[in-house]
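Take a look at the structure below.
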Amino acid sequence: MKALMLAAGLARRLYGDENEELPKALLRFEGQTLLERHVSILRALGVDELMLVVGHRQADLLAEAKRVAPEGFISSVFNPRFAEGPILSLACGAPVMRSGSPVIFMDADVLYPPDLLACLVQSPHPNCFIMDREFQSTDDFVRVCLNDGKVVDFGKQLTREHDAVGEWPGFMKMSAEIAGKIADRADEIISNNEIDGAYERAMCDVLLAEPVGTFGHEDITGTPWIEIDYPEDLDKAETKVIPKIAAYAAQSGTAA
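In this note's numbering, the protein residues as written are 2 to 257.
Right, here's the structure in full:
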């Protein structure tokens with residue numbers, strides 16, 4: 002199993018449109034960067050390698066990758082159009098998505114305990130979203146929608162009837178077949194010059210084209226996590242989520 006992580010962006014909502022701040026994957030919590038935490042968790046779960054899509058301040062990310070991972074674990078691909086739209090970064094991950102291996106997709110800007118990712122990696126569903134029914138973000142969240150217990154819709158603009166909904170923390174598992182289809186759809190979106198908007202469109206389009214039941218889900222409600230998009234998210238991560246992760250780890254008997 003391989004992992005694909007998008008870490009190319011400018012973090013405009015956190016730092017402003019034009020900035021030279023470090024990428025969000027290099028944010029530090031309790032002495033560790035997010036990237037270091039990701040790598041430690043992925044390796045503990047037996048993931049074979051991580052492809053990192055880089056762009057803004059790539060040299061800093063690659064230096065940290067070299068520091069925190071053994072040689073050969075992290076490969077990287079540079080998105081020269083990283084400032085234009087995240088669908089371009091998703092498409093850069095095509096070598097992993099077309100590799101014939103199952104893929105764990107990850108946003109780089111999420112703080113979470115190991116159990117959250119373990120729930121996804123170890124899920125019996127070959128194609129799987131995780132979802133939180135309690136909604137941790139204040140706005141702009143991506144939804145996973147269920148009908149009769151099955152995933153029927155995904156994204157920010159929903160079209161299908163559903164009876165349950167949760168927030169998506171930014172991680173999913175893809176079979177080799179579905180990963181290839183998502184890579185193809187990302188390429189089609191770019192070919193149609195529709196690069197504005199969220200990369201999740203490619204995933205949603207594939208989900209809607211497949212039979213209901215192709216994608217499963219794991220409910221991680223109650224597990225502390227946060228996606229860091231805004232300055233208030235950074236403050237919340239430091240003052241609330243880190244203590245919650247420590248308490249969760251103590252209660253579950255796992256490392257934070």
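Ideal Cβ placement from N, Cα and C applies to all residues, glycine included.
In this text, all values refer to a predicted model and were calculated from it rather than measured experimentally.
Do the CB positions of V111 and L46 come within less than 8 Å of each other? no
Helix, strand or coil: how does DSSP classify E50 here? strand
L63 beta carbon less than 8 Å from that of S77: yes
Pairwise C-alpha distance: L36 and V69: 8 Å
Do the segment 125-139 and the segment 150-169 touch if we need at least three Cβ pairs shorter than 8 Å? yes
Distance between I75 and A66 (C-alpha atoms, nearest Å): 7 Å
Residues in the same chain with beta-carbon distance under 8 Å from N20, minus the five sequence neighbours each way, listed in chain order, please. L11, A12, R13
Which residues bound the alpha helix (DSSP H) around H39? 35-45
According to DSSP, which residues form a beta bridge with G217? C129
Quick one, which of F142, L117, G86 has its alpha-carbon nearest Y231's? F142
Does the beta-carbon of P87 have 16 or more other beta-carbons within 10 angstroms, so that it is buried, or is it exposed? buried
Less than 8 Å between the beta carbons of L209 and F216, yes or no? no
Please look up how many angstroms separate the CB atoms of L51 and A119, rounded, as I've assumed it's under 8 Å. Contact doesn't hold; Cβ gap of about 16 Å is too wide.
Proximity to V97 [Cα-Cα], best of E72, L235, V48: V48
Spatial neighbours of E219 in its chain, beta-carbon cut-off 7 Å, leaving aside the 5 residues before and after: C120, L121, S124, C129, I131
Which residues bound the alpha helix (DSSP H) around I246? 243-253
Look at the alpha carbon of F172 and the alpha carbon of L7, and state the distance between them as a whole number of angstroms. 11 Å
Name the two residues that bound the continuous beta strand (DSSP E) containing I229. No beta strand (DSSP E) contains I229, which DSSP labels as neither H nor E.
For K174 and Y185, the rounded distance between their alpha carbons: As written in the sequence, residue 185 is Asp, which differs from the Tyr given in the question. Taking the straight line joining both Cα atoms gives about 17 Å.
Could you give the first and the last residue of the continuous beta strand (DSSP E) run that contains I191? Premise fails: I191 lies in the alpha helix (DSSP H), 177-192, not in any beta strand (DSSP E).
Could you compute how far the alpha carbon of I190 sits from the alpha carbon of D149? 31 Å
Span of the alpha helix (DSSP H) around V78: Run containing V78: none in the alpha helix (DSSP H); it sits in the beta strand (DSSP E), 75-79.
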